[in-house]
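At position 180 of the sequence shown the residue is numbered 179 (numbering that gives the first Met the number 0), and the sequence of numbers has no breaks.
Notes follow once the structure below has been shown.
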Amino acid sequence: MPEKAAYDDLPDGVVVADAEGRVIALNPAAERLLGTTADTALGRDFRDVLPLTDSQGRDWWACTDPYGGLRSRHRQPECQLALDGGTDLLVTASYVRGPDRELTRLVVALRDTHARERIERSRANLVSTVAHELRSPLTSVKGFTATLLAKWERFNDDQKKVMLQTVNADADRVTRLITELLDVSRIDAGRLEMRKQVVDLPTAVRKAVDGHVAAGEPADRFDVRVLGELPEMWVDPDKFQQVVGNLVENALRHGEGQVTVTVGPCDVGGAEGAVVSVSDEGEGIPEATASRVFARFWRGGDRRGGTGLGLYIVKGLIEAHGGSVSVGRGPAGGAEFRFVLPAGTPDFI
0 MPEKAAYDDL
10 PDGVVVADAE
20 GRVIALNPAA
30 ERLLGTTADT
40 ALGRDFRDVL
50 PLTDSQGRDW
60 WACTDPYGGL
70 RSRHRQPECQ
80 LALDGGTDLL
90 VTASYVRGPD
100 RELTRLVVAL
110 RDTHARERIE
120 RSRANLVSTV
130 AHELRSPLTS
140 VKGFTATLLA
150 KWERFNDDQK
160 KVMLQTVNAD
170 ADRVTRLITE
180 LLDVSRIDAG
190 RLEMRKQVVD
200 LPTAVRKAVD
210 GHVAAGEPAD
220 RFDVRVLGEL
230 PEMWVDPDKF
240 QQVVGNLVEN
250 ALRHGEGQVT
260 VTVGPCDVGG
270 AEGAVVSVSD
280 EGEGIPEATA
290 SRVFARFWRG
300 GDRRGGTGLG
310 LYIVKGLIEA
320 HGGSVSVGRG
330 PAGGAEFRFV
340 LPAGTPDFI
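Structure below.
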């Protein structure tokens, strides 16, 4: 029928009923979602073809009464309903009315809930991750602070210093987590603010590495190499250091052996740019996993701590600079993260 042909290519399911409530069109997506065929459904009452109930088990069509309800209605907002068999669907409807405002055609659109459920699971994972990562440092901060306040005179200076250093480190950990969450929010919303200026990339890389050395990593575990003369690079210095810092931390957390950071010039789409790589000497990342490393909550096979947001943020920050990032196997057999950045121009030009 012509009505059916008009809806065949739509990704969502569509069920169309005429003025008497008889089904006159059912596209292939609706056949799949409802587990029926157009030949079986055509000519039947729409309520028999599409038996929907709300979250409280009430008959949805009895509640909405599309043919006998208010004539001023022209659409039904999206809502989650269930078929008789328990399958959940996202349902919206359009009421096509004639000059006398009588309903001449009911068009119902159907979509499965898998995509929505994935989003909800992602949000639940984010909440769970945040709660888990915040609980430990906040418990430590609260415990040491309460102990010091209650028993200050009982501790010597060295004991107090250790407690305060622990509180300071845990406060830094909470601050880093909050910063990551803000970055994820800005990346998802496309609201990253770039404050570009001319940056000496080798110096910035060494500064990021020095931060890990100051945190207790042996200096001989790092090898920073500059391969050639770089063009004038306009980047956001804080975000560039964050990218390098996250990649180095990932190599330290998930890799083994020496961490090698190289910086050199490269061609980016016919223009000047720079390429930076961070590699380790560990087992590397399996090829089957490589496509997922920049997704949220990826923590590697061993899952050694962290929020799993670091590499997601790296990708977002690099792409905000107009660059790209990839992962592969490094010269020593471990993982190698490689990103390229165009030389760029100042934002005020």
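From the three backbone atoms N, C-alpha and C, an ideal C-beta is built for every residue, glycine too.
Just so we're clear, the structure is a prediction, and the values are computed from it rather than from any experiment.
| request: Work out the CA separation of residue 312 and residue 183 for me, nearest whole Å. | output: In a straight line, the C-alpha of residue 183 is about 6 Å away from that of residue 312.
| request: Apply the 10 Å Cβ neighbour rule to residue 136 and answer buried if 16 or more other Cβ atoms are within range, or exposed otherwise. | output: With 16 or more other CB atoms across the displayed protein chains lying within 10 angstroms of its CB, residue 136 is buried.
| task | Enumerate, from N- to C-terminal direction, the unbroken alpha helix (DSSP H) stretches of 4 or more residues contained entirely within the region 212-283. | result | The region 212-283 contains, as complete alpha helix (DSSP H) runs of 4+ residues, the segments 236-253 (chain order).
| task | Give the DSSP-derived three-state secondary structure of residue 58 in the structure shown. | result | In the three-state scheme derived from DSSP, where H, G and I count as helix and E and B as strand, residue 58 is classed as strand.
| Would you say residue 337 and residue 283 are within 8 Å of each other, going by their C-beta atoms? | Against a cut-off of 8 Å, the Cβ pair of residue 283 and residue 337 comes out as no contact.
| residue 27: first and last residue of the uninterrupted beta strand (DSSP E) it sits in | Note, residue 27: premise wrong, no beta strand (DSSP E); alpha helix (DSSP H) at 27-33.
| residue 326 in three-state terms, based on DSSP | Taken through DSSP and simplified to helix, strand or coil, residue 326 comes out as strand.
| task | Report buried or exposed for residue 150, applying the criterion of at least 16 other Cβ atoms within 10 angstroms of its Cβ. | result | That one is exposed.
| Cα-Cα separation between residue 17 and residue 103, rounded to whole angstroms | Taking the straight line from one Cα to the other gives about 6 Å.
| field | Contact between the region 79-89 and the region 107-116 (3+ Cβ pairs under 8 Å) | value | Pairwise C-beta distances place the region 79-89 in contact with the region 107-116, as three or more of them are shorter than 8 Å.
| message | Assuming residue 336 is part of the beta strand (DSSP E), what are its boundary residues? | response | DSSP places residue 336 in the uninterrupted beta strand (DSSP E) bounded by 334-341.
| field | Neighbourhood of residue 159 by C-beta, 8 Å cutoff - its chain only, sequence neighbours within 5 removed | value | Shown here for residue 159: same chain residues with a beta carbon closer than 8 Å to its own, the five before and five after excluded, namely 147 and 151 in chain order.
| Any 3 or more C-beta pairs closer than 8 Å across the region 26-37 and the region 56-68 | No: the two stretches stay apart, fewer than three of their Cβ pairs being nearer than 8 Å.
| Using DSSP with H/G/I as helix, E/B as strand and the rest coil, what is residue 87? | Looking at residue 87 - three-state DSSP - the assignment turns out to be strand.
| said: Residues in the same chain with beta-carbon distance under 7 Å from residue 180, minus the five sequence neighbours each way, listed in chain order, please. | reply: Excluding sequence neighbours, residue 180 sits near 129.
| How close, in whole Å, do the beta carbons of residue 207 and residue 243 come, if the pair is a contact with beta carbons under 8 Å? | That belief holds up - the Cβ atoms of residue 207 and residue 243 are roughly 4 Å apart, short of 8 Å.
| Does the beta-carbon of residue 333 have 16 or more other beta-carbons within 10 angstroms, so that it is buried, or is it exposed? | Residue 333 is classed as buried because its beta carbon has at least 16 other beta carbons within 10 Å across all chains shown.
| said: Taking the straight line between their C-alpha atoms, what separation do you get for residue 79 and residue 46? | reply: Distance between the alpha carbons of residue 79 and residue 46 is about 17 Å.
| message | Between residue 49 and residue 107, how many whole angstroms is the CB-CB distance? I'm expecting something under 8 Å. | response | Distance from residue 49 to residue 107 at the Cβ level is roughly 6 Å; contact confirmed, criterion being Cβ atoms closer than 8 Å.
| task | State the start and end residues of the unbroken alpha helix (DSSP H) segment that holds residue 183. | result | 156-188 is the extent of the alpha helix (DSSP H) around residue 183.
| query | Going by the CB atoms, is the gap between residue 256 and residue 362 shorter than 8 Å? | reply | The requested residue 362 is not part of the displayed model; the chain covers only 0 to 348.
| Between the C-alpha atoms of residue 52 and residue 277, what's the straight-line distance to the nearest angstrom? | In a straight line, the C-alpha of residue 52 is about 55 Å away from that of residue 277.
| field | Start-to-end residues for the beta strand (DSSP E) that takes in residue 47 | value | Segment 45-48 is the alpha helix (DSSP H) holding residue 47; no beta strand (DSSP E) there.
| query | Could you give the C-beta distance for residue 377 and residue 260, rounded to a whole number, given that I count them as a contact under 8 Å? | reply | Beyond the ends of the chain as shown, which are 0 and 348, falls residue 377; an answer cannot be given.
| request: In the DSSP assignment, find the beta strand (DSSP E) that holds residue 14 and state where it starts and stops. | output: For residue 14, the uninterrupted beta strand (DSSP E) segment begins and ends at 12-16.
| Going by C-alpha distance, which of 286, 194 and 308 is nearest residue 325? | Checking every option, the nearest Cα to that of residue 325 belongs to 286.
| Among the residues of its own chain, which have a CB less than 6 Å from the CB of residue 335, if the five just before and after it don't count? | Cβ neighbours of residue 335 beyond the five flanking positions: 276, 278, 327 and 329.
| By how many angstroms is the C-alpha of residue 185 removed from the C-alpha of residue 254? | Roughly 29 Å separates the two Cα atoms.
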